[in-house]
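A.B. asks: Sequential numbering from 1 applies to the sequence shown in the numbering used here.
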Amino acid sequence: MNNTNLFTAPHICLTALDPETDAASLSAWTSDGRYIPLSDEKPAFPMSALQAKEMLEGILKEADEKRKTFWFAIRTSDESELLGMMGLDWVDWPNNATYMSLSMKDMDEYRQPSTHEAMELIQRYVFHELQMHRLSLNVPEYNEGLIETMTTLGFNVEVRKRETIFRFGKRWDSLHFGCMARNWEKENG
1 MNNTNLFTAP
11 HICLTALDPE
21 TDAASLSAWT
31 SDGRYIPLSD
41 EKPAFPMSAL
51 QAKEMLEGIL
61 KEADEKRKTF
71 WFAIRTSDES
81 ELLGMMGLDW
91 VDWPNNATYM
101 SLSMKDMDEY
111 RQPSTHEAME
121 LIQRYVFHEL
131 QMHRLSLNVP
141 EYNEGLIETM
151 TTLGFNVEVR
161 KRETIFRFGK
171 RWDSLHFGCM
181 ARNWEKENG
């Protein structure tokens, strides 16, 4: 493989999370109705900048202490705007598998090149840098932009948990996607 930069793409770059500067963005997102449906399966609530800072500090502390998590900020290529956060929030070293989380600033961002590029970068990082065998992610079925991106990048639905999420006045399925290193290598070798 050529000496490709692990953390940059044409529209975005992956950087370290910075609790001091990123807390304000995260706090604003949690008060924005466009972000609320993306708050995982937990109840949404607005976070103060202090709460957001403490949450980010906790994520980074756990990553440093346990060496089983890796977190990235997704920023514009000039690093002027935080677009999202991406984490390998559980790395199973003995089995070479990892589970990831992705949170973009709003639902529209999942249809932008930023999400596609971030997913491509994390696949390269997971399969080449960490030498993992598989990468997994849960996605609510209403996040059509992310589902389209993941399908394009070789992820397959492995599990469908029926009607586990209640959003927008109705029940939605939670989809567990997975991608294997060998399949990714065939496409990206």
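All residues carry an ideal CB built from backbone N, CA and C; glycine is no exception.
#1: Reducing DSSP to helix, strand and coil, say where F45 ends up.
#2: Check for me: the beta strand (DSSP E) holding S101 runs from which residue to which?
#3: My guess is that H176 and N143 are in contact by the Cβ rule of under 8 Å, so how many angstroms apart are they, rounded?
#4: Helix, strand or coil for G145? Go by DSSP, reduced to three states.
#5: Locate the alpha helix (DSSP H) running through L26, then write down its first and last residues.
#6: Report the CB separation of L204 from D22 in whole angstroms; it is logged as a contact under 8 Å.
#7: Go through its chain and collect everything with a Cβ distance to D173's Cβ below 6 Å, but skip five positions before and after it.
#8: Between the Cα of F155 and those of D78, F166, E187, H128, spot the shortest distance and give me the residue it belongs to.
#9: Helix, strand or coil: how does DSSP classify L6 here?
#10: DSSP puts L137 in a beta bridge; with which residues?
C.D. replies: Well, looking at it:
#1: On the sequence shown, residue 45 is found 45 positions in, with the first residue counted as 1. If DSSP states are grouped into helix, strand and coil, F45 belongs with coil.
#2: Taking the first residue of the sequence shown as 1, we reach residue 101 at position 101. Counting along the chain, the beta strand (DSSP E) containing S101 begins and ends at 97–104.
#3: Reading the sequence shown from its first residue, position 176 is the one you call residue 176. Reading the sequence shown from its first residue, position 143 is the one you call residue 143. 13 Å between Cβ atoms; not a contact.
#4: Here residue 145 refers to the residue found at position 145 when the sequence shown is read from its first residue. In this structure, G145 counts as helix in the three-state DSSP scheme.
#5: As a first step, residue 26 must be located in the sequence shown, where it is residue number 26. That run of the alpha helix (DSSP H) goes 19–30.
#6: What the structure shows of the chain is the stretch from 1 to 189, and residue 204 is not part of that stretch, so it cannot be assessed.
#7: Counting from one through the sequence shown, the residue named residue 173 turns up at place 173. Counting only Cβ-Cβ distances below 6 Å, and skipping sequence neighbours, we find E141, R160, R162.
#8: Sequence index remark: in the sequence shown, residue 155 carries index 155 (1-based). F155 has its Cα closest to that of E187, out of D78, F166, E187, H128.
#9: As a working note, residue 6 is residue 6 in the sequence shown. Reduced to three states, the DSSP call for L6 is coil.
#10: Counting from one through the sequence shown, the residue named residue 137 turns up at place 137. Note: L137 sits in a beta bridge opposite F177.
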